[in-house]
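Below is one structure, written out as structure tokens; the observations come after it.
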Amino acid sequence: ILFFNELVRIIWGPASVYMNTPAALSGTVTLFGLQYPSYRFAIIGVGLAVGLLLYLLIHRTRVGMLIRSGATHPEIVGAMGVNVRLLNTLVFGLGAALAGLAGLMAGPILSVQPGMGEPILILTLVVIVTGGIGSIRGAFYGALIVGIVDTIGRAFLPTLLREFLERSLAQAAGPAIASMLIYVLMAVVLAIRPQGLFPVKHG
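All residue numbers for the sequence shown refer to the working numbering, where the first residue is 1019 and numbers rise by one.
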């Protein structure tokens, strides 16, 4: 990752590129009396669609069966005449394409720049470990749980701390403690269920 980030900086430079929100999605949507940006709804929709398609691919197709088998028993799959190396290459390519799609969707909200995916890597690790390694269902539910815990912590923890600490101390400690909540959640999950909350089901 570091190598390719530096290569991108050498070829295209370090300057950020800013994208405009598509005109059709530049407005807001009113939901339960609250306004929410249309583009962020589009991001949620694309994310759900990608998750559903991945689930169907992995669990409802022959290719998905080969991917799951090749990940756990590559020798046996190879003995059946399947090119496991090509299969792994295609899976890697699909992952790269999805990363590109994520960068494209995030472009109008964040600036497009080398290394823009780095800050999310640790958060992704927390989601995968919490949900269950190798489980698409676990990644989906893990992302929801981690997102809710992080959002609630950042929104309400500083206010809650003001009830017990001085205002200035609560203002300083609240965001710091809130940013640690997802890691505390991961540690608790690893202590109680090392396989994750929604591990891969076999059989």
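Backbone N, C-alpha and C define an ideal beta-carbon position, used for all residues, glycine too.
Where Ala1157 falls, given that 16 or more other Cβ within 10 Å makes a residue buried: Counting the other CB atoms within 10 Å of its CB gives Ala1157 a total of 16 or more, which places it among the buried residues.
With C-beta atoms as the reference, is Tyr1054 less than 8 Å away from Val1047? Yes, they are a contact pair.
Label Ser1153 either buried or exposed according to how many other C-beta atoms from any shown protein chain fall within 10 Å of its C-beta, with 16 as the threshold for buried. It is buried - the Cβ of Ser1153 has at least 16 other Cβ atoms within 10 Å.
My assumption, with CB atoms under 8 Å, is that Pro1092 sits in contact with Val1102. Please give the rounded CB distance. Pro1092 to Val1102, Cβ: 5 Å. Contact.
Quick one: is Tyr1201 buried, meaning 16 or more other Cβ sit within 10 Å of its Cβ, or exposed? Exposed, since its Cβ has fewer than 16 Cβ neighbours within 10 Å.
In the structure shown, what three-state DSSP assignment does Leu1199 receive? Assigned with DSSP and collapsed to three states, Leu1199 falls in helix.
Alpha-carbon spacing of Arg1180 relative to Phe1021, whole angstroms: Between Arg1180 and Phe1021, the C-alpha separation is close to 45 Å.
Can you give me the C-alpha to C-alpha distance between Ala1205 and Ala1041, rounded to a whole angstrom? In this structure, the alpha-carbon of Ala1205 lies about 43 Å from that of Ala1041.
Just verifying my parser: in three-state terms, what is the DSSP assignment at Leu1215? Three-state DSSP puts Leu1215 in coil, outside helix and strand.
With a threshold of 16 other CB atoms inside 10 Å of the CB of Phe1216, please say whether the residue is buried or exposed. It is buried - the Cβ of Phe1216 has at least 16 other Cβ atoms within 10 Å.
By Cβ distance, which residues of its chain are closer than 7 Å to Ile1085, with the 5 residues on each side in sequence left out? Counting only Cβ-Cβ distances below 7 Å, and skipping sequence neighbours, we find Ile1076, Leu1105, Val1109.
Suppose contacts are defined by Cβ-Cβ distances below 8 Å. Is Ser1197 in contact with Ser1129 by that definition? Cβ distance not < 8 Å, so Ser1197 and Ser1129 don't count as in contact.
Just reading off the alpha helix (DSSP H) that Tyr1159 is part of, what are its end residues? Here the alpha helix (DSSP H) through Tyr1159 covers 1154-1179.
Quick check on the burial criterion: 16 or more other C-beta atoms within 10 angstroms. Buried or exposed for Thr1148? With 16 or more Cβ atoms within 10 Å of its Cβ, Thr1148 is classed as buried.
Have a look at Ile1061, Ala1188, Leu1203, Leu1187 and flag the residue whose alpha-carbon is nearest the alpha-carbon of Met1123. Looking from the CA of Met1123, the closest CA among Ile1061, Ala1188, Leu1203, Leu1187 belongs to Ile1061.
In angstroms, rounded to a whole number, what distance separates the CA positions of Ile1019 and Glu1136? Each residue's alpha carbon lies about 8 Å from the other.
For Ser1087, which residues in the same chain have their Cβ closer than 8 Å to its Cβ, ignoring the five residues on either side in sequence? Only Ile1094, Val1095 meet the Cβ criterion.
Among Pro1176, Leu1203, Phe1182, Leu1199, which has the Cα closest to the Cα of Ala1191? For the residues Pro1176, Leu1203, Phe1182, Leu1199, the minimum Cα distance to Ala1191 belongs to Pro1176.
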